[in-house]
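Under UniProt numbering, read the sequence shown as residues 1 to 713, first letter to last.
These notes concern the structure reproduced below.
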Amino acid sequence: MEQQNLPLAEDPPQLLERRVRSPQRPLSVLRSRIREEAACSVPRARSTLLGFFPVISWLPKYKVREYVWGDAMSGLIVGIILVPQAIAYCLLAGVQPIYGLYTSFFANIIYFFMGTSRHVSVGIFSLMSLMVGQVVDREVFQAGFDLNDSPDQGSINGTGVASNLSAATLDVMGVAYSKECYAISIAAALTLLAGIYQVLMAVFRLGFVSVYLSAPMLDGFATGASLTILTVQAKYLLGLKIPRHQGYGTVVVTWINIFANIQNTNLCDLVTSAICIFILVAGKEIQDRYKSRLKIPLPTELVVVAGATLASHFGNLNGLYGSSVSGHIPTGFIPPKVPSLDLMPRVALDAVPLAVISFAFTVSLSEMFAKKNGYTVRPNQEMLAIGCCNIIPSFFHCFTTSAALAKTMVKDSTGCQTQVSSLVSALVVLLVLLFFAPFFYSLQKCVLACIIIVSLRGALRKFRDLPAKWRVSRADAVVWLVAMAATALISVEIGLLVGVVFSMVCVIFVTQNPKVSLLGRSEDADLYEDLEEYENLAAPAGVRVFRFQAPLYYANKDSFLRTLYEAIGVDPFLETTRRRKAEKKAAKRLAAKQTSKDDPENQKNGELCKGLVPHRELDFHTIVLDCSAIPFIDSAGTGAFAGLVKDYGEVGVGVLLAGCNTPVIDALRRGAFFGEKDRDMGLRLFYTVHAAVLSANRRAAAAAGRAADDSQV
């Protein structure tokens, strides 16, 4: 054991010992880790298989009588909600409705096998659809297609190539593409890359990336994206045929274009939108108010879709009023196809924010509902699962998926117990794919836009929480505002980047301007606290106790020194400079009075010059730095401590440390703060503030006694 004799010899010993830990070489640690990870055995192979496919662990233990009813009901209800949303979100993604159904089907199946959350609903998500749609529209436009082309009357043949969807068929990188085929090719390539990124992040255990996405930043980002989604869908409510804006400022430019073309509003679409929004909002409000009485959620979206489809079909709204409809949705599955490798370099960078946001939302929802229902999830496995939910479906003409809050809440509130409910939801989607898809031919696009816009209620309601957020934490409120404004006014990708960077800047700003305080001792106990915050405290005589509540590193060491000097009231450098100037002036005065160069008293006067300088009397002899609120310190912080000891020592003030944690002590030892072989550790370091104060007073008393003895001699 290594004994740390922190107090002086005259103080009572403290019985704390540091364990001696033999240092491990990084190379040997790496070798042992590789040997451990590469080891192969039957138990390890079984454990790995169970880790990749958690369903193998929990499905054999499935309690049929206890779980099946809740799983079946929640899966059925989510499936009913999922079908109209899957069709609607394809408007955001810039692809045909059939691909939304494919995405929902495959994502639910894969997550059933690989997910660790019992309640999360994985599939299409409005934010992911928007981000995919922006990339798709950009690439479609740059390839030379006209974004104004309407695919209403098109169809998809069995090879996955759209026929008669657009008059233009362009040769892109040596391959003949129609507009709709090129759009889904871009979406599939983007989705494959996003999934690969997520799997690589899981393999290298980079799940910590999500910690940089703070809750206020994610909320602001989601709200800003919701404003963008609302703006993009507004043209469908009015029946306007204007292309989606490419580049920055989508919200502003789109609204300018909408008002510039407002005279071309399709009255049929406008009336239909008003009726659908009224019904959807009324259904949501009834659901919210009478949630405790309603055993199952109201299938408002399905009712609206069914009613609007029947009205559009029998009223011939497309033929008589030019109302835009979904068009033909084929039954069955399109043969799988490898996403185009030639397109991947064009979207490789766009896949990064998709991968990060998809993972962040999935993990946050998984952990939220796991905590609520009393179980745990594995973030790395969640990343692997959502990565596979993107990689495998990309071969089946799908686009990027994520966990969706609204559908997850529905599953939780309707008795979901396991991911068997996802199988039931997938079966509902499969029935639509095999039998009912063509019935949505006459469904108006404005109805789909209404479903999307009403689904944004939760995100847009975040504006109401802003005053409360401001009262709780102004920094969080500012982060929310900046992320929301950047996402809505610039672009989704830039908004994400700005939100992350601004959040980190706020953290750095807080550490650069932390709370500092002078401490006083309680009258009834050996407790030291902030003199400005608490009553009945008294500053210890002759000692200043200073607390710095932040890490001490290169970015805030100057702030630490500045606030310390201001709190103590003495800048040692300025005090030393003042004294030296005074000594020089005193020496000159003595030299002027000198009568002869060879005066035997001259040398004596020069030696006494310092004693004749009227030094400023300080009312303290020691500074105690309370380091209990300093979690870590770097070399710059160690240098700042060493500089304090040296500078204050020149003006006769000692500096002691108290309450240091072991990482701080180790950093100080590595920086030779305690001298060679830590010989000064017992003189400078104490476990408690009170021990440091007592030691400082004993030293001052001993020094005063020695000075009195010297004066008598």
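For each residue, glycine too, the CB sits at the ideal point set by N, CA and C.
{"Check": "In chain order, what residues of the same chain have a beta carbon less than 7 Å from the beta carbon of residue 253, not counting five sequence neighbours either side?", "Outcome": "245"}
{"Check": "Under 7 Å from any heavy atom of the ligand GTP, does the C-beta of residue 475 make it?", "Outcome": "With respect to small molecules bound, the structure shown includes none, and the ligand GTP cannot be examined in it."}
{"Check": "Would you give the residue range spanned by the alpha helix (DSSP H) that residue 714 belongs to?", "Outcome": "The question about residue 714 has no answer, for the chain in this structure spans 1 to 713."}
{"Check": "Please report how far the alpha carbon of residue 608 lies from the alpha carbon of residue 650, in whole angstroms.", "Outcome": "Its pLDDT being 48, under 50, residue 608 is placed unreliably in this model, and the value from its coordinates should be taken loosely. When rounded, the distance between both Cα atoms is 18 Å."}
{"Check": "Measure from the alpha carbon of residue 659 to the alpha carbon of each residue in 681, 185 and 628, then state which is nearest.", "Outcome": "628"}
{"Check": "Give me the DSSP bridge partner(s) of residue 79.", "Outcome": "Per DSSP, none; premise fails for residue 79."}
{"Check": "Below 8 Å on the Cβ atoms is my contact criterion, and I expect residue 128 with residue 384 to pass it. Report the Cβ-Cβ distance as a whole number of Å.", "Outcome": "Wrong, their Cβ atoms sit about 18 Å apart, outside the cutoff."}
{"Check": "Buried or exposed for residue 440, going by 16 or more other Cβ atoms inside 10 Å?", "Outcome": "buried"}
{"Check": "Residues in the same chain with beta-carbon distance under 6 Å from residue 88, minus the five sequence neighbours each way, listed in chain order, please.", "Outcome": "448, 451 and 452"}
{"Check": "Is the beta carbon of residue 258 less than 8 Å from the beta carbon of residue 235?", "Outcome": "yes"}
{"Check": "Between which residues of its own chain and residue 313 is the CB-CB distance below 6 Å, once the five residues before and five after are set aside?", "Outcome": "442"}
{"Check": "Tell me whether the beta-carbon of residue 359 lies closer than 8 Å to the beta-carbon of residue 119.", "Outcome": "no"}
{"Check": "Looking only at C-alpha atoms, which of 470, 433 and 216 sits nearest to residue 105?", "Outcome": "433"}
{"Check": "Could you compute how far the alpha carbon of residue 467 sits from the alpha carbon of residue 476?", "Outcome": "11 Å"}
{"Check": "For the beta strand (DSSP E) holding residue 529, just list the boundary residues, first then last.", "Outcome": "528-530"}
{"Check": "Do residue 516 and residue 498 have their CB atoms nearer than 8 Å?", "Outcome": "no"}
{"Check": "From the DSSP output, in three-state form, read off residue 523 for me.", "Outcome": "coil"}
{"Check": "Return the residue from the list 209, 227 and 274 that minimises the CA-CA distance to residue 500.", "Outcome": "209"}
{"Check": "Tell me whether residue 71 sits in a helix, a strand or coil according to DSSP, three-state version.", "Outcome": "helix"}
{"Check": "Can you confirm whether the region 395-412 touches the region 55-67 when touching is taken to mean that 3 or more C-beta pairs between the two stretches lie within less than 8 Å?", "Outcome": "no"}
{"Check": "On the DSSP letters alone, give me the boundaries of the beta strand (DSSP E) that residue 542 sits inside.", "Outcome": "542-548"}
{"Check": "Tell me whether the region 487-495 and the region 216-231 touch, counting them as touching only if at least three CB pairs, one residue from each stretch, are closer than 8 Å.", "Outcome": "yes"}
{"Check": "If you compare alpha carbons, which of 72, 184 and 323 is closest to residue 338?", "Outcome": "184"}
{"Check": "Could you tell me the distance, in whole angstroms, from the CA atom of residue 146 to the CA atom of residue 137?", "Outcome": "10 Å"}
{"Check": "Of the residues 272, 291, 330 and 344, which one's Cα is nearest the Cα of residue 311?", "Outcome": "272"}
{"Check": "DSSP has residue 247 in a bridge; who is on the other side?", "Outcome": "DSSP output for residue 247 lists no bridge partner at all."}
{"Check": "Terminal residues of the continuous beta strand (DSSP E) containing residue 623?", "Outcome": "620-626"}
{"Check": "Quick one: Cα of residue 374 to Cα of residue 631, how far?", "Outcome": "32 Å"}
{"Check": "Counting Cβ pairs closer than 8 Å, one from the region 507-523 and one from the region 551-564, do we hit at least three?", "Outcome": "yes"}
{"Check": "Between the beta-carbon of residue 115 and the beta-carbon of residue 444, is there less than 8 Å?", "Outcome": "no"}
{"Check": "Could you tell me which of 93, 573, 363 and 306 sits nearest to residue 135, measuring between CA atoms?", "Outcome": "93"}
{"Check": "Quick one, which of 241, 399 and 388 has its alpha-carbon nearest residue 790's?", "Outcome": "In the structure displayed, the chain extends from 1 to 713; residue 790 sits before or after that span and is not available."}
{"Check": "What three-state label does DSSP hand residue 53 in the structure shown?", "Outcome": "coil"}
{"Check": "Which class does residue 85 belong to by DSSP, given the choice of helix, strand or coil?", "Outcome": "helix"}
{"Check": "Would you check if the region 388-399 and the region 523-531 touch, i.e. whether three or more CB-CB distances between them fall below 8 Å?", "Outcome": "no"}
{"Check": "Considering only C-alpha positions, which residue in the set 568, 521 and 98 is nearest to residue 688?", "Outcome": "521"}
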